[in-house]
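Worksheet for the structure shown next.
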Amino acid sequence: TSTSILKVKQINKRAFRQAFKLILRPPSPFCLACAKEKDLSLKEIKRKLEAAEERRQSEEVQVLKPLPERREHKQEVFEKALENDTFISIVEEKLIVKVEKIKENEEANLAATM
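13 is the number of the first residue of the sequence shown in this note's numbering; add one for each residue after it.
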């Protein structure tokens, strides 16, 4: 098998084993006449720089855009957790008062029956 820059030559062939030698063609000389020189004017360079700056600013806006929403969400989660903790502490206090009243009533009933 051969291509324009690569030639494959089989060296050794055994049962289930093969060896190959790859022969690379030397590179062709660089043609200066063929190379396309691109002369950029100052106007084109400025335009490209402005376009790059616009892309950077647009990307920055896209990155910074969700930050206030995340901050707001964090605050909402924090407030909800605080509200939940407050509710739990109020319920615990009410439960303790109820349990104490029940104990007092049981003791009073026990004392009344004696």
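For glycine and all other residues, C-beta sits at the position ideal for the given N, C-alpha and C.
- For residue 37, no alpha helix (DSSP H) encloses it, and the DSSP letter there is neither H nor E.
- A direct Cα-Cα distance of roughly 56 Å separates residue 74 from residue 30.
- Annotation for residue 77: no alpha helix (DSSP H) segment contains it, and DSSP assigns it neither H nor E.
- Around residue 83, the same chain offers no residue with a beta carbon nearer than 7 Å, after the five sequence neighbours per side are excluded.
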